[in-house]
Amino acid sequence: MFKKSAIISAIVFVIVICTTVVYFLTRGVTVESAIRDYEDGDYIEAIEALNSFVKTANYEEGEKIYYYRCKSLNTLAEELEDDYDDELKDASLENKDKPEFEKYKLKIEKKLQSINAKTGGDLEFIPAAKKSRIAPKGQFYNEFASRYRGSQFIEDLDFYEIKKAMASDQTRLFDYMNRFYKKYPGSSYTPQMISIIFDAIRDGAGGMEPNAEFLKSIIYNYAAKYPTSQEVSRLYISAGDSVNLRNAPGITGAPAGKTIKDELLIQIEKSMDMMQVGDSRDYWYKVSTLRGVKGWIFGKFLKPLDVQSITISNQQEIWSVEDFFTAWSDSNTPENWNHIKDADAGAISFKKISSGNIIVFNSKGIAHTGLYSRLNTSRTFKLMIRGRFISGAPVILAAYSMERGEVYHIKLEGEKVEVNGRSIPIHGTDWHNYELASEDGKFASFSIDGEMVSGRIPSVTDNIFSDRGVYMLYQYAGGVSSCEVEFIKIK
């Protein structure tokens, strides 16, 4: 009995000691202190601290945690590349046949294994031509992007991929930029992208010709928005057709290519002195076409880009979420959606069409109904849903729930549609695109088929939609109704 009691006492003592140690090690550690660690350059400590909050944080705080884990790991990779600059050069592909390659490769990989064990990250050694790289495989990013679809922070992390390509793989740089620009056409990073484009062209980056239309579009749009910028002063139009581009300034330079009349040319260099060619005296300019052809051209054959003549391209609207319900978790649940608690899942089914699947909604009144997606809703948003009412009681087609329980919802019935109680007459049994948009979350506008029909609609609070995210097809218990939804888009 005494021995058993002593064992129990020892176990209790060990638990107390462990609890005390954990307390003293973690006291004062908060999400904010972890972010300060990141800002102070203590990236490993920041990730370890943020990891301790991942499983317990609420949804809103979790967004910040996942984001700063990604930022910390990305910046840690950059710091390691600086610290191991010589080793990464010795372990480059141009030294692959030398003993130094394997020696320093193993040294770096051993270091990364140690860091990954501490942080749960996935930093890896990436062999490259002149200097190998250190970069994450993308585990933290994928976890963040899958959990917080539509988060404003994802754009920042995607832009990091462009900076990474600029440093490591300029052959694919313009491909990365093209994809980024299609995803974020009005990005606040556009000025930085223009700077990267000009530097990459100067440094001889490849891959321009397949991306020529993208490069022309982003440069023209930037020029129209920032006409007095330094970059715009380096933009010219070819005033002649088949004008020689030479490998050195002067008519003695060997031809390196030819221009096409009216094509855009980007100045890389300018001669120190003016020169006489025929009856003209001007500078020579080293330029690049968007086809990737570079060379020196006499100033007589250039004219500055006329910003006033630029027509901004009509870009297709880009949505963070664009769901045509092509994939389903089961016969009653579209992928990335869940039924609200105690809902009648049988009210939801689908039928196939060419663009995806149409949701078919038939509530029997057995219980309430509703689909929910935990999206990262913000106060600046746009939501479009295409649907039609068939019969029965009114149904809430979509609801957009923000922080603090503020909501906008669209209620549809046969002869009208309501937004937060404001009614608009319409033939609800016809197919329509219903669109909500807000810049501050306080007020929203409502459009039907692209035509605004109501503005300054205030948000409301509704306990039914208290969880932040997007809801579809809510019907109260006892309500019997039918409708269909073709797609929902959110940004």
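Okay, so the sequence shown: first residue is 1 according to the numbering used here, each after it adds one.
Note that the Cβ used here is the ideal one computed from N, Cα and C, for glycine as well.
Being a predicted model, the structure only gives us computed values, none of them experimental.
- If the five residues before and after I194 are omitted, its C-beta is found closer than 6 Å to the C-beta atoms of Y222 and E231, all from its own chain and listed in chain order.
- R281 and S271 have their C-alpha atoms spaced approximately 13 Å apart.
- Put simply, the region 35-49 touches the region 108-125. At least three CB pairs are less than 8 Å apart.
- In this structure R172 is exposed. Its beta-carbon is surrounded by fewer than 16 other beta-carbon atoms within 10 angstroms.
- By the neighbour-count definition (other C-beta atoms within 10 Å, threshold 16), F443 is an exposed residue.
- By the C-beta density criterion, S114 is exposed, having fewer than 16 other C-beta atoms within 10 angstroms.
- In this chain, the alpha helix (DSSP H) harbouring V31 covers V31 to E39.
- It is roughly 30 Å from the alpha-carbon of N74 to the alpha-carbon of K98.
- One thing to note: G295 has its Cβ within 8 Å of the Cβ of K286.
- Your pair Y434 and I385 checks out as a contact, with CB atoms roughly 5 Å apart and the cut at 8 Å.
- The C-beta distance from G441 to M402 rounds to 5 Å, short enough to fall under 8 Å.
- Using a Cβ distance threshold of 8 Å, I162 and I196 count as a contacting pair.
- Non-local C-beta neighbours of G392 in its own chain, meaning closer than 8 Å and more than five positions away in sequence, comprise S363, G479, V480, S481 and S482, ordered along the chain.
- Boundaries cannot be given for Y189, as no alpha helix (DSSP H) includes it and DSSP labels it neither H nor E.
- The C-alpha of I464 lies about 38 Å from the C-alpha of R179.
- Close CB contacts of I410 within its chain, under the 6 Å cut and outside five residues either way in sequence, are with L397, A398, V419 and Y434 (chain order).
- With respect to the 8 Å criterion, L265 and Y236 are classified as neighbours on the basis of their beta carbons.
- Between S288 and I310, the CB-CB gap reaches or exceeds 8 Å.
- Just measuring C-alpha positions, the residue of V54, G469 and E87 sitting nearest S378 is G469.
- For I260, there is no enclosing alpha helix (DSSP H), as DSSP marks it with neither H nor E.
- Around K491, the same chain offers W319, S320 and K382 as residues with beta carbons nearer than 6 Å, after the five sequence neighbours per side are excluded.
- For G62, the enclosing alpha helix (DSSP H) stretches over residues Y59 to D83.
- Your pair I108 and A91 checks out as a contact, with CB atoms roughly 7 Å apart and the cut at 8 Å.
- Ranked by how close their Cα comes to the Cα of K351, the residues A343, I366, S373 and F324 have F324 in first place.
- Cβ atoms of K489 and E322 come within 8 Å of each other, at about 5 Å.
- A residue is called buried when at least 16 other Cβ atoms come within 10 angstroms of its Cβ; I297 meets this threshold and is buried.
- Leaving aside the five residues that flank L375 on each side, the residues in its chain whose CB is nearer than 7 Å to its CB run, in chain order, R149, G150, V321, G469, V470 and I490.
- With contacts defined as CB atoms closer than 8 Å, L371 and F389 fail to qualify as a contacting pair.
- In this structure, the CA atom of E484 is about 45 Å from the CA atom of M208.
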